[in-house]
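For the sequence shown, position 50 (counting from the first letter as 1) is numbered 133 according to the numbering used here, and the numbering increases by one without interruption.
By construction, the Cβ of each residue, glycine as well, lies at the ideal position given by its N, Cα and C atoms.
See structure below.
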Amino acid sequence: MKKMLPNLFTLGNLLSGFVAILLISKQQFEISVLLITVGLVCDFLDGYCARILDATSALGKELDSLADLITFGVAPATLAYFVSLHEIHIFGVACCLFYVCCSAIRLARFNVEQSHMTVFVGMPTPISAVLCILLAIYVYPLVAMVGMILIGILMVSPFCFPSLKKVKSEAVEDF
């Protein structure tokens with residue numbers, strides 16, 4: 084049972100992202116952003132539970148990346164397109180495709196090379212998703228397009244970003 088709990092949170096992340104995409108197509112943007120946020124919480128909880136319960140697995144790692152691609156790659160790009168980037172037509176589509184491809188590369192690279200590390204190499208997809216959403220909502224389409232391209236580049240960059248993985252929760256371990 085304890086091995087299933089992290090995967091249940093991962094599936095919550097996946098389903099939140101998928102439903103967010105469905106609602107984006109119905110122009111229910113606020114609820115979609117809320118669902119992506121629910122996915123963020125589920126993504127944090129799946130890793131946290133897996134570490135606390137010593138329930139990490141290869142299946143869980145792969146499942147987590149697939150869920151993250153939907154919730155933090157496809158859903159934010161879809162939102163950015165429907166909210167803003169549709170105004171710049173083919174360039175908006177190209178920008179969204181670039182962002183999704185960078186998300187996929189970043190997640191695959193993490194699984195192959197970095198899952199054991201205590202830092203992230205390249206901007207993590209949850210942070211990228213938040214920035215993508217903020218750009219889509221608050222700036223002009225051309226600025227959002229340039230920002231999303233820069234975020235995509237940061238996801239596949241060699242720059243290090245801090246990770247919460249090394250924080251295994253000393254409070255829980257003390258009990």
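Contact defined as beta carbons within less than 8 Å: I believe residue i pairs with residue j. What is the distance between those atoms, to the nearest angstrom?
{"i": "GLY230", "j": "VAL222", "result": "7 Å"}
{"i": "ILE216", "j": "LEU162", "result": "6 Å"}
{"i": "GLY100", "j": "VAL183", "result": "In fact, because the Cβ distance is near 12 Å, the residues do not count as touching under 8 Å."}
Are the CB atoms of residue i and residue j nearer to each other than 8 Å?
{"i": "SER167", "j": "PRO224", "result": "yes"}
{"i": "LEU233", "j": "ALA227", "result": "no"}
{"i": "SER211", "j": "SER186", "result": "yes"}
{"i": "PHE244", "j": "PRO207", "result": "yes"}
What's the C-alpha gap between residue i and residue j?
{"i": "THR139", "j": "GLN110", "result": "37 Å"}
{"i": "ILE34", "j": "ASP129", "result": "Examination of residue 34 is not possible in this model, given that the chain is present from 84 through 258 alone."}
{"i": "VAL124", "j": "CYS179", "result": "24 Å"}
{"i": "ALA141", "j": "GLU113", "result": "34 Å"}
{"i": "ASP126", "j": "VAL213", "result": "13 Å"}
Give the range of the alpha helix (DSSP H) segment to which residue i is assigned.
{"i": "PRO224", "result": "224-238"}
{"i": "ASN90", "result": "87-108"}
At which residues does the beta strand (DSSP E) containing residue i begin and terminate?
{"i": "PHE244", "result": "243-245"}
{"i": "VAL202", "result": "202-204"}
Could one say the Cβ of residue i lies closer than 8 Å to chain D's Cβ atoms, at least one of them?
{"i": "LEU149", "result": "The question asks about chain D, but that chain is absent: this structure has only one protein chain."}
Who are the Cβ neighbours of residue i in its own chain at under 6 Å, not counting the five residues just before and after it?
{"i": "SER148", "result": "LEU190, ASN194"}
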